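Taking the numbering used here as reference, the numbering of the sequence shown is continuous, increasing by one, and the terminal residue is 398.
Here the structure is laid out as structure tokens; the discussion comes afterwards.
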Amino acid sequence: MKYIRKYVFLLVGVLLLQSCVKDMQDDINNGGWNHERSVIEIEFENQIGVAMIENTDATTGNIDLAINVGAQSNMSSVKLTAIQVSYQAQSSVKVGDALDFSNGKASFTVTSTLGETRTYTINVSEFTETLTGTYQVNALTIFGGTGPEYGGGAIMQLADKPWCWSDTYGPEVECDNTLTFTMTGVTPDGSTTGTCINHAGADGKYADFIFNGSMNKEESGVDIDLKKFYRQIPEGESTWIRNYSDGTVSFIDKDGKTTIGKFVDAGTVDVGYDKSFTVSNQAFQFSLNGTDDWTNIYSDYDKFAKKPRILWVSVTKVN
Numbered sequence: 080m081k082y083i084r085k086y087v088f089l090l091v092g093v094l095l096l097q098s099c100v101k102d103m104q105d106d107i108n109n110g111g112w113n114h115e116r117s118v119i120e121i122e123f124e125n126q127i128g129v130a131m132i133e134n135t136d137a138t139t140g141n142i143d144l145a146i147n148v149g150a151q152s153n154m155s156s157v158k159l160t161a162i163q164v165s166y167q168a169q170s171s172v173k174v175g176d177a178l179d180f181s182n183g184k185a186s187f188t189v190t191s192t193l194g195e196t197r198t199y200t201i202n203v204s205e206f207t208e209t210l211t212g213t214y215q216v217n218a219l220t221i222f223g224g225t226g227p228e229y230g231g232g233a234i235m236q237l238a239d240k241p242w243c244w245s246d247t248y249g250p251e252v253e254c255d256n257t258l259t260f261t262m263t264g265v266t267p268d269g270s271t272t273g274t275c276i277n278h279a280g281a282d283g284k285y286a287d288f289i290f291n292g293s294m295n296k297e298e299s300g301v302d303i304d305l306k307k308f309y310r311q312i313p314e315g316e317s318t319w320i321r322n323y324s325d326g327t328v329s330f331i332d333k334d335g336k337t338t339i340g341k342f343v344d345a346g347t348v349d350v351g352y353d354k355s356f357t358v359s360n361q362a363f364q365f366s367l368n369g370t371d372d373w374t375n376i377y378s379d380y381d382k383f384a385k386k387p388r389i390l391w392v393s394v395t396k397v398n
């Protein structure tokens with residue numbers, strides 16, 4: 080009788096243990112991650128910017144991205160360079176596979192651990208870099224000044240105040256320069272890149288951006304080198320990078336110094352304080368990091384040398 084009781088207890092224990100194991104397995108199987116079948120990130124060769132991924136419903140999704148057709152001559156064979164999907168999910172395409180986008184679309188499937196699927200349709204738009212070409216430099220204009228809320232700010236061209244600059248290398252010598260942009264490739268993060276040639280023009284000169292010492296309010300007679308503010312586009316050859324994710328254009332000079340701005344199309348730029356700047360064709364816009372000078376508010380010295388805020392290099396595309 081004693082042995083029968085032991086056997087019964089043992090059998091009950093085994094059944095309870097199996098029940099617990101089954102319950103634990105059910106919990107694992109029913110866990111949300113087992114159903115996950117999403118694309119987290121995807122990238123193709125010569126892709127511009129970041130792909131826009133949308134899970135339409137439980138079984139379908141859309142991916143929108145752009146391919147640089149200038150660098151990708153064969154749209155029927157575009158190589159996948161990176162893909163990340165949900166934890167332990169499987170994709171029907173792998174890094175190194177080539178997809179056919181000759182009709183602008185392609186599809187693939189992501190399968191969850193439990194075998195559920197979602198089919199993604201990739202919609203490809205053809206991209207052409209608009210920055211390439213040659214531009215004539217028209218003017219250099221700033222918004223500057225301490226206390227614009229008190230009337231201390233102004234928008235004006237650097238060349239409008241010739242007495243502030245060198246007679247031979249003032250800002251006006253920049254206005255026969257040309258900028259030629261050539262695209263050489265796409266960076267790993269999907270930005271376009273290439274070379275910029277800032278040609279000195281017929282006069283063979285670049286502005287030295289030396290602010291005349293006679294206008295120096297703090298150290299009279301001492302000239303001030305303001306290249307840190309106004310030499311945003313390097314002299315001669317530089318490297319440019321256009322990041323479509325944040326809308327910036329960066330310039331890297333021969334010494335590795337980087338300046339970052341934006342390429343602005345025709346329109347009106349509102350800077351606040353009831354002031355605005357009109358872009359006639361295109362302009363490169365740079366934010367400048369000046370220092371407030373309440374002692375010399377309202378002066379040219381303050382606007383140009385102490386608290387410049389924004390620089391526009393106005394250009395016109397000629398080729």
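Glycine included, each C-beta is placed from N, C-alpha and C at the ideal position.
As the structure is a prediction and not an experimental result, all values here were calculated from the model.
CB of residue i within 8 angstroms of CB of residue j, strictly
i	j	result
glutamate 124	valine 164	no
arginine 310	threonine 196	no
leucine 210	proline 250	no
serine 155	aspartate 179	yes
glycine 283	glycine 292	no
isoleucine 146	glutamate 208	no
isoleucine 234	phenylalanine 365	no
histidine 278	asparagine 256	yes
valine 265	threonine 272	yes
Cβ shell of residue i (< 6 angstroms), same chain only, five flanking positions each side left out
i	result
serine 329	Ile320, Thr337, Ile339
asparagine 322	Ser270
isoleucine 221	Pro387, Leu390
Straight-line gap, residue i to residue j (C-alpha atoms, nearest Å)
i	j	result
glycine 280	valine 216	10 angstroms
aspartate 106	tryptophan 112	The pLDDT assigned to aspartate 106 is 45, lower than 50, so where the model puts this residue is not dependable; a value taken from the coordinates is nonetheless given after this. Cα to Cα, aspartate 106 sits roughly 11 angstroms from tryptophan 112.
lysine 396	glutamine 361	8 angstroms
asparagine 398	tyrosine 214	7 angstroms
valine 189	isoleucine 127	23 angstroms
asparagine 375	lysine 306	21 angstroms
aspartate 287	tyrosine 248	6 angstroms
glutamate 228	glutamine 151	51 angstroms
serine 402	threonine 192	Outside the shown range of the chain, which is 80 to 398, sits residue 402, and nothing can be said about it.
alanine 238	phenylalanine 363	17 angstroms
glycine 149	asparagine 134	30 angstroms
glycine 335	lysine 382	28 angstroms
glutamine 167	aspartate 143	24 angstroms
Backbone secondary structure at residue i - three-state DSSP
i	result
glutamate 120	strand
methionine 262	strand
serine 293	helix
valine 350	strand
valine 100	Reliability of the predicted coordinates at valine 100 is poor, the pLDDT of 44 falling under 50, and no value is obtained from them.
glycine 224	coil
lysine 382	helix
aspartate 255	helix
tyrosine 229	helix
proline 313	coil
threonine 337	strand
aspartate 304	strand
asparagine 182	coil
threonine 274	strand
leucine 390	strand
asparagine 113	helix
asparagine 398	coil
leucine 159	strand
Residues near residue i by beta carbon distance below 7 angstroms, same chain, minus five either side
i	result
threonine 198	Thr138, Thr139, Ser186, Thr188
lysine 386	Gly223, Gly224, Thr225, Gly369, Thr370, Asp371, Asp372
alanine 384	Phe290, Ile303, Leu305
valine 174	Leu159, Thr160, Ala161, Ile162
valine 129	Gly269, Ser324
Member of the options whose CA lies at the smallest distance from the CA of residue i
i	options	result
asparagine 182	Ala161, Met262, Thr200	Thr200
glutamate 316	Gly346, Gly326, Thr259	Thr259
glycine 232	Trp391, Asp379, Thr327, Lys341	Asp379
phenylalanine 342	Val358, Asp246, Cys243, Ser170	Val358
serine 312	Val203, Ser393, Asp176	Note on residue identity: the sequence assigns isoleucine, not serine, to residue 312. Answer by Cα proximity: Ser393.
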